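Undergrad: Starting off with a structure, shown below.
In this note's numbering, the protein residues as written are 396 to 508.
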């Protein structure tokens, strides 16, 4: 698998997991329960990513473009509906700089891969 894909999936899910974990903790869930949940999500993500990568050779160029457009729309929707409002409410002092550094890191990893 391409290094950039693996890094993007791993790094991209961290902010959402951290946010959701905070909410679950405030709702009374134990740390053990939260860690077990996210561990199972991580294992499922790894397995499904590997399966998708293996099946990707069967796709036509048009199907790849369609899936990429769908994925991009899904990510934009996630950011607009969930992450932006939460970030505006709980913004760290250097939130924009941290986000820009994250994009830069993914570009760097993509260039190396």
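Glycine included, every Cβ here is placed at the ideal spot set by N, Cα and C. Source: prediction; values computed, not measured.
Can you tell me which of 454, 429 and 408 puts its alpha carbon nearest to the alpha carbon of residue 417?
TA: Nearest C-alpha to residue 417: 429.
Undergrad: Please classify residue 425: does DSSP put it in a helix, a strand, or coil?
TA: Residue 425 falls in the coil class under three-state DSSP.
Undergrad: To the nearest angstrom, how far is it from the Cα of residue 413 to the Cα of residue 494?
TA: Cα to Cα, residue 413 sits roughly 15 angstroms from residue 494.
Undergrad: How big is the Cα-Cα spacing for residue 507 and residue 404?
TA: The straight-line gap from Cα to Cα measures roughly 16 angstroms.
Undergrad: Let's see if you can read the secondary structure: which residues bound the alpha helix (DSSP H) around residue 476?
TA: First-last for residue 476: undefined, no H or E at that position.
Undergrad: Using three-state DSSP, classify residue 454 as helix, strand or coil.
TA: The answer is coil: DSSP assigns residue 454 none of H, G, I, E or B.
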